[in-house]
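In my numbering, the protein residues as written are 2 to 378.
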Amino acid sequence: MKFNLYLSLILLFYSATSVATYKSLYETGFDRLDHVHQLEPKNKIFSHLKRKQRGVFAQYLPQYPLWSDGSIKKRWVYIPKRAQIDTRDPDNWVFPTGTKFWKEFAFEENGSLRKIETRLMEKTADDGWIMLTFVWNEAQTNAVLAPEAGIKNHYELANGKFYDIPSQHDCEYCHSKAGIDNGPQKTPVLGFSALQLSDDRDPNAIHGEPLTKGMMTLLALQKRKIVSHKMDYLPAIAESEYAPLQRSVFGYLHGNCGHCHNESGLAEFTNTLNFNHKATARFIQQNGTYKTAIAKPITAYLQPAGSPTLVINPGNAADSALIYRMTEEFEQYTFLVPEWHHSAGFSLTLGVKMPFVGTNIIDQTAIDVITEYINNL
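Structure (C-alpha cells):
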C-alpha cells in the first residue's frame, strides 16, 4: 500500500536520527535546567551557567495547550549560544542545530505534584530530530529512558482509565510529516510557534494558563534577537461579537487538531478538513476551521456509519461530526482512500474517537465550550 510505504519512509527518517544517546533525563542537560524556571530580564546569564553553556534556557507556555488527559505540564526550550531560529516563514520556523525542548507531565497526588514523564526533542546536526521519553522513578529523583515500545497503563487515572507512556512510534507519528520536504510544514515542533507564543494571548483559551515572569514569548524572542525575522504584528485569531467563543474554540482546534488536520499533516488525506490557523492570517476568513468545518460535510470516504454528515452543524452540536468524534470512545471504522488522492490506495481501521493517539480521557471542558459555541451559531 502506498500509505504504508510512505509512513515507513517517514518513520525511517526519524528513527535514523533518533538513536537513543541518552539513558537518563539528567544526561540531556536538564540537570542545569531543572531549577531554572525563568529567564532573567535582559537575558542575564545565571551564575551557575556561566562556566558551562550561555545559550538561552527558558520556560514557555503555548496559549492553546494540547489536552493530555488532564496532566499538568511544564515546558522548557534551549537555543544554543549565538544561534537563531530562522523565522522568515512565520508558520514554519527552522530551528538551529542543538535546539532542545523538554516537556514534563505531572498529576496532582495527595496534595502535591507527581511527575510521570519528561519528553525531549533535540535538533541534530543532520537536520533530524531526537525524540525521547524519560519516566520518573517512585522517589521522583531521576527519570530514565522509556522502552521503545512505551508503557501501556503506566499511571492510573479516573474511571478505570490509565495514562500511557508513548512509544517511539507514537512520538514520531504525531510529529511526522514535518521536517521532511514533501509539503508546506517544515518543522516537527508543536506548541512553540508565532501564534502559540504571541503576546496577544487569548484570555479565554480552553485550559489556558497565565504567563509567569520570565517565560519566553514572541516579543521576548524578537527583543533578544533569537529569531531572524520580526513580525510587525502579533498573531491572533480574530474575535467575533456574534460568536464570542469563536477565538477560544478555533484556538483549541488549532492546538489539538491542527497539527494533523492541515494541508500537509498526517490527516491530510481527509482532503478538505483543516483546523490550522496560520500566523499570517489576519482575518477570520483565512482560518482553517472557518473555511473547512462550519456547515461543511465530512469527506465521503471517511464517514463512519453513525457519524453526522456536517463537521460543524450550525445550531446543532448534537448533530455535528466534530462532537461525535470527540466523544465516541468505542466505535471503530475502516476507510479506503481512493486512488486519485496523491497519498492514496490504502485502507485503515481506526477508532472513531479523535485524537486516536496520545490521550485516553475525553476532554469534557472543551466539549462543553465547543458545544455551546456550535449551538449558538
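Note that CB positions come from ideal geometry on N, CA and C, so glycine has one too. Keep in mind that this is a model prediction, so the values were computed, not measured.
6 Å Cβ shell around residue i - same chain, five flanking residues per side excluded
{"i": "E123", "result": "K101, I131"}
{"i": "N44", "result": "Summary for N44: the model assigns pLDDT 39, below 50, so the residue's position carries little reliability, and this model does not support an answer."}
{"i": "T310", "result": "P298"}
{"i": "A150", "result": "S168"}
{"i": "I371", "result": "V250"}
{"i": "G259", "result": "F276, N277"}
{"i": "L323", "result": "V312, I313"}
{"i": "Y291", "result": "I285"}
{"i": "V252", "result": "The amino acid occupying residue 252 in the given sequence is Gly; Val does not appear at that position. Within the same chain, G252 has close Cβ partners Y65, D203, A206, I238."}
Nearest-angstrom Cα separation, counted from residue j out to residue i
{"i": "F31", "j": "V353", "result": "38 Å"}
{"i": "F336", "j": "R76", "result": "36 Å"}
{"i": "F58", "j": "V338", "result": "44 Å"}
{"i": "H255", "j": "H278", "result": "6 Å"}
{"i": "I166", "j": "F276", "result": "26 Å"}
{"i": "Q169", "j": "Y156", "result": "18 Å"}
{"i": "N138", "j": "Q304", "result": "43 Å"}
{"i": "G289", "j": "N263", "result": "8 Å"}
{"i": "G316", "j": "Y79", "result": "45 Å"}
{"i": "P63", "j": "A206", "result": "10 Å"}
{"i": "Q85", "j": "F96", "result": "7 Å"}
{"i": "P245", "j": "L378", "result": "10 Å"}
{"i": "D364", "j": "W68", "result": "7 Å"}
{"i": "G112", "j": "H208", "result": "20 Å"}
{"i": "G161", "j": "N154", "result": "10 Å"}
{"i": "E41", "j": "Y164", "result": "Any answer about E41 is weak, because its pLDDT of 38 lies below 50 and its placement is not dependable; what the coordinates show is given next. About 35 Å."}
{"i": "H197", "j": "H343", "result": "For clarity, residue 197 is Gln in the given sequence; the question names His instead. The alpha-carbon atoms of Q197 and H343 are separated by roughly 31 Å."}
9 Å Cβ cutoff met for residue i and residue j
{"i": "D203", "j": "Y65", "result": "yes"}
{"i": "C175", "j": "L191", "result": "yes"}
{"i": "C261", "j": "P356", "result": "yes"}
{"i": "A268", "j": "L274", "result": "yes"}
{"i": "Y23", "j": "L121", "result": "yes"}
{"i": "I362", "j": "G71", "result": "yes"}
{"i": "A1", "j": "M327", "result": "This structure does not reach residue 1, given that the chain is present from 2 up to 378, and the question cannot be answered."}
{"i": "E329", "j": "G307", "result": "yes"}
Cβ neighbours of residue i in the same chain (closer than 8 Å, five flanking residues each side left out)
{"i": "S1", "result": "Residue 1 lies beyond the stretch modelled for the chain, which goes from 2 to 378, so this question has no answer here."}
{"i": "S25", "result": "F135, N143, A144, V145, L146"}
{"i": "A195", "result": "T88, P91, D92, W94, L219, M232, P236, A280"}
{"i": "Q141", "result": "R115, K116"}
{"i": "T119", "result": "L26, F31, W103, K104, E105, F106, T134, F135, W137, A144"}
{"i": "S229", "result": "Q85, I86, D87, T88, R89"}
{"i": "D201", "result": "L235, P236, A237"}
{"i": "Q247", "result": "I238, A239, E240, S241, I285, Y374"}
{"i": "S48", "result": "Its pLDDT being 43, under 50, S48 is placed unreliably by the model, and nothing is read from it."}
8 Å contact criterion, which residue i and residue j should meet: CB distance rounded
{"i": "N93", "j": "T188", "result": "6 Å"}
Contacting residues, own chain, Cβ-Cβ under 7 Å from residue i (five flanking each side not counted)
{"i": "T333", "result": "For clarity, residue 333 is Gln in the given sequence; the question names Thr instead. Closer than 7 Å at Cβ, skipping near neighbours: T350, L351, G352, V353."}
{"i": "Q223", "result": "K231"}
Open item on the list: Under 8 Å: do the region 229 to 245 and the region 97 to 111 share three or more Cβ pairs, one atom per stretch?
Closed with: Result no; under three Cβ-Cβ pairs closer than 8 Å.
With three or more C-beta pairs closer than 8 Å as the rule, is the region 195 to 214 touching the region 300 to 315? The region 300 to 315 is not in contact with the region 195 to 214.
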